[in-house]
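Right, one structure below, let's go through it.
Residue numbers (our numbering), protein chains in the order written: chain A, 11 to 124; chain B, 122 to 237.
Structure below.
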């Protein structure tokens, strides 16, 4: 199993540009989520999904869109990038959280918005 | 709301020193508690977990005990190695409002550097 994969690893955008961060998992996990990591802030939840066709907002959803058309993929879209979205983005997945299942994290995407 | 507070870093130790990273939490109910580790340039990995009071999680020589009375989950290791250099995150699992789903609430992370 490849686990959780993310592409690209690094990305530089100009303010106002759009892009999609890709996330895929091959563990048949129902639950997938996106976090951003900023210095001194820990990780904050952006959006999450409990299964194909179901998504919802986390703590910091503004400026981001998600969709979940398949179990495997959970892309994160920035429609109009802003410097405040400069961060490291992590995708995570787990079996449907009804207990204490471990979340598996991807290697991250480092995004810089100029 | 639910929150996690862990000691500010960075922490610098010599090899074979004793490590403690403090973590306290605020939560309703009885959350599960976790320590995640992030090695340089990588994503987070689960290090250990505890799901109820007085449980002790352990892995790779690290230990943490779920103390309900002090709302704490301090991470300890008796003898650190250079390879333990990483950022350590304390986290708790909490319920989201919609659909009964859950999320992880993370502390801000503590950077540990171990020198030979």
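Virtual Cβ for every residue (Gly too), placed ideally from N, Cα, C.
Under 8 angstroms between C-beta atoms, does residue i make it to chain A?
i: residue 183 of chain B; result: no
i: residue 224 of chain B; result: yes
i: residue 232 of chain B; result: no
i: residue 163 of chain B; result: yes
i: residue 130 of chain B; result: no
i: residue 199 of chain B; result: no
i: residue 229 of chain B; result: yes
i: residue 194 of chain B; result: no
i: residue 139 of chain B; result: no
i: residue 167 of chain B; result: yes
Name the DSSP beta bridge partners of residue i, please?
i: residue 75 of chain A; result: A:87
i: residue 209 of chain B; result: B:158 and B:231
i: residue 256 of chain B; result: The requested residue 256 of chain B does not occur in the structure, where chain B is confined to residues 122 to 237.
i: residue 197 of chain B; result: B:141 and B:184
i: residue 168 of chain B; result: Its beta-bridge partners do not exist; DSSP assigns none.
i: residue 146 of chain B; result: B:125
i: residue 102 of chain A; result: A:43 and A:115
i: residue 28 of chain A; result: Partner(s): none; residue 28 of chain A has no beta bridge.
Name the residue from the options whose alpha carbon lies nearest to the alpha carbon of residue i.
i: residue 115 of chain A; options: A:103, A:19, A:124 and A:82; result: A:103
i: residue 74 of chain A; options: A:29, A:14, A:61 and A:39; result: A:29
i: residue 105 of chain A; options: A:81, A:68 and A:12; result: A:81
i: residue 69 of chain A; options: A:119, A:15 and A:46; result: A:46
i: residue 50 of chain A; options: B:131, B:162 and B:144; result: B:131
i: residue 60 of chain A; options: A:11, A:35, A:78 and A:15; result: A:78
i: residue 112 of chain A; options: A:43, A:21, A:31 and A:16; result: A:43
i: residue 171 of chain B; options: B:202, B:133, B:151 and B:224; result: B:151
i: residue 136 of chain B; options: B:190, B:146 and B:202; result: B:202
i: residue 223 of chain B; options: A:66, A:52 and A:15; result: A:66
i: residue 187 of chain B; options: B:158, B:146 and B:234; result: B:146
Is there a Cβ of chain B sitting closer than 8 angstroms to that of residue i, yes or no?
i: residue 86 of chain A; result: no
i: residue 124 of chain A; result: no
i: residue 5 of chain A; result: A question about residue 5 of chain A goes unanswered here, because the residues of chain A that appear run from 11 up to 124.
i: residue 55 of chain A; result: yes
i: residue 93 of chain A; result: no
i: residue 51 of chain A; result: yes
i: residue 35 of chain A; result: no
i: residue 113 of chain A; result: yes
i: residue 68 of chain A; result: yes
Roughly how far, in whole angstroms, is the beta-carbon of residue i from the beta-carbon of residue j, given that I think they are within contact range, below 8 angstroms?
i: residue 155 of chain B; j: residue 167 of chain B; result: 6 angstroms
i: residue 85 of chain A; j: residue 98 of chain A; result: So it is not a contact: roughly 17 angstroms between Cβ atoms.
i: residue 119 of chain A; j: residue 19 of chain A; result: 6 angstroms
i: residue 83 of chain A; j: residue 12 of chain A; result: Going by Cβ atoms, the distance from residue 83 of chain A to residue 12 of chain A rounds to 13 angstroms, so no, they are not a contact pair.
i: residue 190 of chain B; j: residue 117 of chain A; result: At roughly 38 angstroms, the Cβ-Cβ gap does not stay under 8 angstroms, so residue 190 of chain B and residue 117 of chain A are not in contact.
i: residue 234 of chain B; j: residue 200 of chain B; result: In fact, because the Cβ distance is near 16 angstroms, the residues do not count as touching under 8 angstroms.
I'd like to know whether the C-beta of residue i is nearer than 8 angstroms to at least one C-beta of chain E.
i: residue 82 of chain A; result: This model lacks chain E altogether, as its protein chains are A and B.
For the 8 angstroms Cβ check, are there 3 or more pairs between the region 18 to 26 of chain A and the region 90 to 106 of chain A? yes
Practice problem: Evaluate the contact criterion for the region 166 to 183 of chain B versus the region 221 to 235 of chain B: three or more CB pairs, one atom per stretch, below 8 angstroms. | Solution: no
Notebook entry, point to check: Three or more beta-carbon pairs under 8 angstroms between the region 128 to 143 of chain B and the region 193 to 210 of chain B, yes or no?
Noted result: yes
*May I ask you to verify whether the region 202 to 211 of chain B touches the region 125 to 138 of chain B, counting CB pairs closer than 8 angstroms and requiring at least 3?*
yes
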